[in-house]
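Q: First to last, the sequence lines map onto chains G and Z.
Following this note's numbering, the numbering of the first sequence begins with 1 at its first residue and continues without gaps.
Following this note's numbering, the numbering of the second sequence begins with 1001 at its first residue and continues without gaps.
A virtual CB, placed ideally from N, CA and C, is assigned to each residue, including glycine.
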Amino acid sequence: MSSGVGMTESRDVSIRVPVLARVEGEGALHIDVRQGRIEDLKFKIFEPPRLFEKFLEGRSVHELPDTVARICGICPVAYQMSAVHAIEQIFGCDPGSWVRRMRRLIYCGEWLESHALHVHLLALPDYFGCASVVELAKLQPEAARRGLRLQGIGNKLIRMLGGRSVHPVGVRIGGFYKAPDDAQVEVVLRDVRELIPQATDLVHWLAEINLAARAPAQSFTSVALRHADEYPLNEGRLVSDRGLDIAISEFDRHFVEHQVPHSTALHCLLHDEPYLVGPLARLNLNHDRLPASVLSQITGVPLALPSTNMFDSALARAVEMLFCLHEAESILCNYQRPDRPYVDYQVQPGVGYGCSEAPRGTLWHRYEVDADGRVLSARLVPPTSQNQARIEADLRTSLQDIGLDQADEVLRLHAETVVRNYDPCISCSTHFLDLRVRRD
Amino acid sequence: MSEPQVTVIGVGSPFGADQLGWWVVDGLSQRSELQPFIADGRLRLLSCDRPGSGLIEMLQGSGTVHLIDAMISNAAPGTVRCLRDNFATYSSLLMSSHGFGLGQALAMAEALAELPPDLTLHAVEIPVDLSVSAGLQRTLQTLVISLTVTVISKLSTE
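(1) For the beta strand (DSSP E) containing HIS1066/Z, name the first residue and the last one.
(2) For GLY1054/Z, decide whether its Cβ has a neighbour in chain G, counting only Cβ atoms nearer than 8 Å.
(3) From GLU113/G, LEU325/G and ASP408/G, pick the residue whose C-alpha is nearest to that of VAL33/G; which is it?
(4) Spatial neighbours of CYS206/G within its chain, please: CB distance less than 8 Å, with the 5 preceding and 5 following residues excluded, ordered by chain position.
(5) Just tell me which of LYS42/G, ARG390/G and ARG16/G has its CA closest to the CA of PHE220/G.
(6) By Cβ distance below 7 Å, which residues in the same chain neighbour ARG396/G in space, the five residues on each side in sequence not counted?
(7) Note down, in chain order, each residue of its chain lying with its Cβ closer than 7 Å to the Cβ of SER60/G, except the 5 sequence neighbours on either side.
(8) Looking only at its own chain, which residues have a Cβ that is under 8 Å from the Cβ of LEU332/G, when we skip the five neighbours before and after it?
(9) For ASP1049/Z, which beta-bridge partners are listed by DSSP?
(10) From the beta carbon of LEU1083/Z, is the nearest beta carbon of chain G less than 8 Å away?
(11) With H, G and I counted as helix, E and B as strand and the rest as coil, what does DSSP make of LYS138/G?
(12) Verify whether the separation of the beta carbon atoms of LEU322/G and ALA199/G is less than 8 Å.
(13) So which residues on chain G does GLU1003/Z lean against when the C-beta distance must stay under 8 Å?
(14) Is the segment 137-153 of chain G in contact with the segment 62-73 of chain G, if contact means three or more CB pairs nearer than 8 Å?
(15) How far does the beta strand (DSSP E) with LEU357/G in it extend, from its first residue to its last?
(16) For the segment 133-156 of chain G, list every residue whose C-beta sits within 7 Å of some C-beta in chain Z, in sequence order.
(17) Using a Cβ-based criterion (distance less than 7 Å to any ligand heavy atom), does ASN284/G qualify as near the ligand MG?
(18) Assign THR1157/Z to buried or exposed, taking buried as 16 or more other Cβ atoms, counted over all protein chains shown, within 10 Å of its Cβ.
(19) Between which two residues does the alpha helix (DSSP H) carrying THR221/G extend?
(20) Return the chain-ordered list of same chain residues with a C-beta closer than 8 Å to the C-beta of ASP1118/Z, the five sequence neighbours on each side being excluded.
(21) Could you tell me which residues DSSP puts in a beta bridge with CYS1082/Z?
(22) Taking only beta-carbon atoms, is PHE1100/Z less than 8 Å away from chain G?
(23) Between VAL188/G and chain Z, is there a C-beta pair that is closer than 8 Å?
(24) Just how far apart, CA to CA, sit LEU1115/Z and GLU194/G?
(25) Is the separation between the beta-carbon of ASP1049/Z and that of VAL166/G shorter than 8 Å?
(26) For VAL134/G and GLY1021/Z, what's the separation of their Cα atoms in angstroms?
(27) Using a Cβ-Cβ cut-off of 8 Å, state whether VAL77/G counts as contacting chain Z.
(28) For SER222/G, does the count of other Cβ atoms within 10 angstroms reach 16, so buried, or fall short, so exposed?
(29) Rounded to whole angstroms, what is the Cα-Cα separation between LEU380/G and GLU53/G?
(30) For the segment 1039-1051 of chain Z, list every residue whose C-beta sits within 9 Å of some C-beta in chain G, in sequence order.
(31) Below 6 Å CB to CB, which residues in the same chain sit around LEU1067/Z once its five sequence neighbours on both sides are set aside?
(32) Leaving out five residues before and five after GLY1016/Z in sequence, what residues of the same chain have Cβ atoms less than 7 Å from its Cβ?
(33) When the Cα atoms are used, what is the spatial distance from ILE15/G to VAL410/G?
(34) Does DSSP put GLU1110/Z in a helix, in a strand, or in coil?
(35) Quick one: using the 10 Å Cβ neighbour count with 16 as the cut-off for buried, is PRO1036/Z buried or exposed?
(36) Applying a beta-carbon distance threshold of less than 8 Å, which residues of chain G neighbour GLN1104/Z?
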């Protein structure tokens, strides 16, 4: 919904998108242009606060993996992984190499499921001028089928270790409740191998479409985990391309969350500046950690890394999907069923930190636990709240760039495309409630 | 085990009457007349929580599929509509999550020519407050019985 006044360079424009389509959760866009300048711009998150941090207080740590999985239907594994790592840090529990590999495997499933969903169902319709994926499916049926197959293998990987693909229940502190049997692994491994060529095709197809040609590069800071020798999923130090290199426990010294009136999600800044988390930031900071098997299949792809063109994000997601399939193949073809898929641990009081790479970016958790294993306090910093300030900065730059004299409908569609490109997961980000009691 | 010839999918969420698809599938799984077909794999019963585009994969593998889902259209609670085509017409009335619900999944499957040849959507009207009345429960019992008869009839002739 928008209204324009005149068609001169200095016209006034108000763009209101009351409900953003094809994003997870409920958000809106509010842009006012006065005399050729953006006077007001808000990426509004109005989904009611979900209070998960408070729900967790007083609960036993054993309940954490299943409870935090309920925060998001698309990235439940990310919440489970950050939580179990934080609690295991408190308990001094090392679950061992089998659990570590399986955690990477289930996380690969989540990246595949989430990235395939975003690229095909949420983002691509914008680039083909389609209102929905149903229209896109008629225009590009093979691309849509490929997207569904990639999403499907992600769901299978999650189901194999998590019991079900949405809100999985297989994860526990110390490992998993159940190990897959050899027959299950064989079937999934066959499917993974079949899909590697399709993921490679997707990378090259997206490179041909050249989404990055739609917008110039911008200036921003990329932030992601970085591991000594792996593409990061569950472990690593927090790094940026502007010199940050910290342990995850030092997050609060550098990143500050704050409330803005127009959002039920906290904004998070790094040294008072917006920053990017997510696939493009990860790839920018970790492309040298991609295995040779992936690099050999993307030779010739015109993706110059590091990239500061936000429209390279879809291509970054495709590269990560290819990585996930290779990683899954590597883990599955060396699979050995353990006698027991978890290790024991001793409950201890303390503070622990978990940080993992959700499909949309870095997901940081902090828990304080008492001697009985009850949660005293919980803090969750999801990627979408970290990206909010960056999204608003991007909108300002992008709309100025395409020209504020463009027709209202062009501005509105471009603004929505910019927001969707970040794959915001709004339901994940709305944790806080600003409660003010006035007593007379 | 045979390949499934008939699949019944209950779609829902854990919220009140939106679970009705699961309840119908549970009811079918307890019918003694259906046990032989379940045992030999010719009848496949599935329940799913807001599957989104994942529904398209579930539709594959059987020639005949029955879908059960809740609908809100201001009709009397318990009203059952059996739809065999034009699913997109009803997409806005079916319960959906993240803007991609059962109606959109069926429309996408149709666009990709991946709808099963014999598909019936049993859409059961529920109240806006998702409450479960005795009348709605009777409707679901009747639906279990009629689906049992339909499935037996289909599998007995093949």
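A: Reading off the structure:
(1) Stepping through the second sequence from its first residue, residue 1066/Z is reached at position 66. Looking at the DSSP string, the run of the beta strand (DSSP E) that includes HIS1066/Z is 1064-1071.
(2) Position 54 of the second sequence, counting from 1, holds the residue named residue 1054/Z. With 8 Å as the cut-off, GLY1054/Z counts as an interface residue toward chain G.
(3) The residue given as residue 33/G occupies position 33 in the first sequence. The candidate whose alpha carbon is nearest that of VAL33/G is ASP408/G.
(4) For this step, residue 206/G is matched to residue 206 along the first sequence. Here residue 206/G turns out to be Leu, not Cys, going by the sequence shown. So the list reads VAL119, ALA314, LEU315 and ALA318, once near-sequence residues are dropped.
(5) For the purposes of this step, residue 220/G is taken as the residue at position 220 of the first sequence. With distances taken between Cα atoms, PHE220/G lies closest to ARG390/G.
(6) For the purposes of this step, residue 396/G is taken as the residue at position 396 of the first sequence. Excluding residues within five positions, the ones whose Cβ falls inside 7 Å are ILE38 and LEU41.
(7) Position 60 of the first sequence, counting from 1, holds the residue named residue 60/G. If we look at SER60/G and ignore the five residues flanking it on each side, its Cβ neighbours are GLY373 and ARG374.
(8) Within the first sequence, residue 332/G is the residue found at index 332, counting from 1. These residues qualify, in order along the chain: LEU105, VAL185, VAL188, LEU189 and VAL192.
(9) Taking the second sequence and counting its residues from 1, the one referred to as residue 1049/Z is at position 49. Per DSSP, GLY1012/Z.
(10) Within the second sequence, numbered from 1, the residue matching residue 1083/Z stands at position 83. Closer than 8 Å: no.
(11) Taking the first sequence and counting its residues from 1, one reaches residue 138/G at position 138. LYS138/G falls in the helix class under three-state DSSP.
(12) The residue given as residue 322/G occupies position 322 in the first sequence. The residue given as residue 199/G occupies position 199 in the first sequence. Result yes, Cβ atoms of LEU322/G and ALA199/G sit closer than 8 Å.
(13) For the purposes of this step, residue 1003/Z is taken as residue 3 along the second sequence, with counting starting at 1. Simply none; closest approach about 16 Å.
(14) no
(15) Working through the first sequence from its first residue, we reach residue 357/G at position 357. In the sequence under discussion, the amino acid at residue 357/G is Glu, which differs from the Leu named in the question. It spans 350-358 - the beta strand (DSSP E) in which GLU357/G sits, taken as one unbroken run.
(16) VAL133, VAL134, ALA137, LYS138, PRO141, ALA144, ARG145, LEU148, GLN151, GLY152 and ASN155
(17) Because no ligand of any kind appears in the structure shown, any question about the ligand MG cannot be addressed here.
(18) Numbered from its first residue, the second sequence carries residue 1157/Z at position 157. THR1157/Z comes out exposed.
(19) Here residue 221/G is taken as the residue at index 221 of the first sequence, counted from 1. Segment: none, THR221/G is in no alpha helix (DSSP H) and carries neither H nor E.
(20) Start at 1 with the first residue of the second sequence, and residue 1118/Z comes out as number 118. Contacts found: GLY1063, THR1064 and VAL1065.
(21) The count along the second sequence starts at 1 and reaches residue 1082/Z at position 82. Per DSSP, HIS1122/Z.
(22) Numbered from 1 along the second sequence, position 100 holds the residue referred to as residue 1100/Z. Cβ-Cβ to chain G under 8 Å: yes for PHE1100/Z.
(23) Stepping through the first sequence from its first residue, residue 188/G is reached at position 188. Chain Z, which has no Cβ nearer than 8 Å to the Cβ of VAL188/G, makes this no.
(24) The residue labelled residue 1115/Z in the question sits at position 115 within the second sequence. The residue labelled residue 194/G in the question sits at position 194 within the first sequence. Going from the Cα of LEU1115/Z to the Cα of GLU194/G covers about 23 Å.
(25) Within the second sequence, residue 1049/Z is the residue found at index 49, counting from 1. Within the first sequence, residue 166/G is the residue found at index 166, counting from 1. Contact: yes.
(26) As a first step, residue 134/G must be located in the first sequence, where it is residue number 134. As a first step, residue 1021/Z must be located in the second sequence, where it is residue number 21. Each residue's alpha carbon lies about 25 Å from the other.
(27) Working through the first sequence from its first residue, we reach residue 77/G at position 77. No, VAL77/G lies away from the interface with chain Z (no Cβ there is under 8 Å from its Cβ).
(28) Along the first sequence, read from residue 1 onward, the residue named residue 222/G stands at position 222. Buried, because 16 or more other Cβ atoms sit within 10 Å of the Cβ of SER222/G.
(29) Numbered from its first residue, the first sequence carries residue 380/G at position 380. Numbered from its first residue, the first sequence carries residue 53/G at position 53. One C-alpha to the other measures close to 7 Å.
(30) CYS1048, ASP1049, ARG1050 and PRO1051
(31) Here residue 1067/Z refers to the residue found at position 67 of the second sequence. Cβ neighbours of LEU1067/Z beyond the five flanking positions: ILE1009 and LEU1121.
(32) For the purposes of this step, residue 1016/Z is taken as the residue at position 16 of the second sequence. Excluding positions up to five away in sequence, the list reads LEU1130, SER1131 and VAL1132.
(33) For the purposes of this step, residue 15/G is taken as residue 15 along the first sequence, with counting starting at 1. For the purposes of this step, residue 410/G is taken as residue 410 along the first sequence, with counting starting at 1. Cα to Cα, ILE15/G sits roughly 11 Å from VAL410/G.
(34) For the purposes of this step, residue 1110/Z is identified with residue 110 of the second sequence, where counting begins at 1. Helix at GLU1110/Z.
(35) Taking the second sequence and counting its residues from 1, one reaches residue 1036/Z at position 36. Exposed.
(36) Locating residue 1104/Z in the second sequence gives position 104, counting from the first residue. SER132, VAL133 and VAL134, listed in chain order.
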